[in-house]
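Take a look at the structure set out below.
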Amino acid sequence: MLRQLPAETAHRATLALARLAAPLLPAPAPDDPRLAVSAFGLDFPNPVGLAAGFDKNAEVPDALLRLGFGFVEIGTVTPLPQPGNPRPRLFRLPPDEGVINRLGFNSEGGDAVLRRLAMRVGAGGIVGVNVGANKDSKDRIADYVKQIEMFAPVASYFTCNISSPNTPGLRDLQQGRVFDELLARVMEARSRMNRKAGTTPVLIKIAPDLTLSELDDVVGAARRHRVDGMMIGNTTVLRPAWLRDRETAHEPGGLSGRPLFALATRMLAETYVRVENAFPLVGVGGIDSGETALAKIRAGACLVQLYSALVFHGFGLVGRINRSLVDALRSGQYASIGDLVGADAAAMTAEPWPE
Ligand SMILES: Cc1cc2nc3c(=O)[nH]c(=O)nc-3n(C[C@H](O)[C@H](O)[C@H](O)COP(=O)(O)O)c2cc1C
């Protein structure tokens, strides 16, 4: 029924349903202990998280945790409220199971989101806060710093989103000296806040569209500044030639879902071989089954996230992926997810570049 509605209306309806259903949802059954993952000081009950963008304003994080996610990332939040781009700005590509969005950081702003997160303190569950910069900000790096200071008492972890293609110039924060300055200021804020609010890990979310030489620089700087982890990655501005929904494919914005899988997984493997276990990686992009989640883990991710596949397969997918991961561990006689992380990374980097 939701798929008959325009994409953004369907999304609003899903959030409203989640809010209504939240008090009725039973607590999920405990996860199989083999699915547990410890990363950047947090203990995840299972490795399957909800990616940023679904619950931008922290309206329903607890309902989402009850649907079986091991963790939920809210945001992207911007310090000040902003409306984002004009509609329509969200498009489905049904034959490709892809999504194109150019939402442009529509956000209720830091204060509104902080109020909601403060109300759930003590509720348990891992809720990360994905932070970004206002479109008209004079000092974009300060927007990240400000929000790390603001959300440190309520965030399980932070993701600095410097890879959305829908805020002009945002991706430039991944380049050279600017990236170095971003990391210096963000990690300084993290240490300063850690003294007040306990450790809140900071992860960096990158674009799958970096060149390999840009990736060398990004990983080098991330290692120098000792970030807690990286997420690979955000949506792509590229359009594979084989997309079937040619008409929608022309819409500007970031492409996600199945058509992103091969590129994002390759970039994940490329990142893994460069990081050399200095910090953990989160694999995002095109996960729609147990097999694709396992492929991300074998490419180097100890945690995964998904969003677009929910549009086509619903929330039942989360439990199916976790069950399928347990089956894979059992049949290979592995004790935990950790035994599989990066198993295929080196081999993947030798394959032809994905089309
Ligand atoms: C509608 C939509 C909105 C998104 N908004 C954000 C966002 O605000 N911040 C962010 O870091 N990523 C955002 N993303 C990117 C997702 O978090 C994820 O990185 C990307 O979609 C790839 O995962 P998927 O193929 O499972 O969707 C958004 C994606 C979609 C489809």
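My numbering numbers the first residue of the sequence shown as 268 and each following residue consecutively. Idealized CB from N, CA, C, for every residue including glycine.
Cβ-based neighbour list, residue i, same chain, cut-off 8 angstroms, excluding 5 preceding and 5 following
i    : result
D512 : L360, P361, P362, D363 and G365
A422 : L384, V394, G395, V396 and T467
P312 : P297, D298, L302, A303 and G337
P348 : S374, E375, G376 and A379
G605 : V304 and C569
A306 : G496, P547, C569 and L570
Assigned secondary structure, residue i (DSSP; H/G/I helix, E/B strand, else coil)
i    : result
L470 : strand
F338 : strand
N428 : strand
S423 : coil
G443 : helix
N461 : helix
T503 : strand
G343 : Per the sequence shown, residue 343 should be read as Thr rather than Gly. Strand at T343.
L573 : strand
S556 : coil
L548 : strand
V315 : strand
D310 : strand
V608 : coil
V578 : helix
Option in the options with minimal Cα separation from residue i
i    : options                   : result
V551 : A319, F358, G599 and P432 : A319
I554 : T502, A277 and V412       : T502
L505 : M497, M498 and A516       : A516
P621 : L548, P526 and A613       : P526
G391 : T532, R587, A294 and G609 : A294
R369 : S523, M454 and E618       : S523
K563 : R587, V608, A456 and L309 : V608
Residue i: CB within 7 angstroms of a non-hydrogen atom of ligand 2
i    : result
V585 : Only ligand 1 can be found as ligands here, which leaves ligand 2 out of the picture.
Span of the beta strand (DSSP E) around residue i
i    : result
G377 : No beta strand (DSSP E) holds G377; the alpha helix (DSSP H) holding it covers G377 to M386.
F358 : L357 to L360
V394 : V394 to V398
L284 : That residue, L284, is in no beta strand (DSSP E); its alpha helix (DSSP H) goes A274 to A288.
Same chain only: Cβ atoms within 6 angstroms of residue i, ignoring 5 sequence neighbours per side
i    : result
A285 : V327 and A330
L317 : L331, F336 and V339
S603 : R301
L561 : A595
R490 : A545
Residues near residue i by beta carbon distance below 7 angstroms, same chain, minus five either side
i    : result
S430 : R438, Q441, K472, I473, A474, G500 and N501
V486 : T538, R541 and V542
A531 : P475, I499, G500, V551, G552 and G553
Any C-beta of chain B under 8 angstroms from that of residue i
i    : result
K405 : As a matter of chain content, chain B is missing from the structure shown, which is built from one protein chain.
Residue i: first and last residue of the uninterrupted alpha helix (DSSP H) it sits in
i    : result
Q414 : R407 to F418
S305 : Unbroken run through S305 is the beta strand (DSSP E), V304 to A306; no alpha helix (DSSP H).
N589 : G583 to S598
G487 : L479 to R491
V542 : F528 to V542
L331 : P328 to R333
M268 : Per DSSP, M268 belongs to no alpha helix (DSSP H) and is neither H nor E.
E514 : R513 to A516
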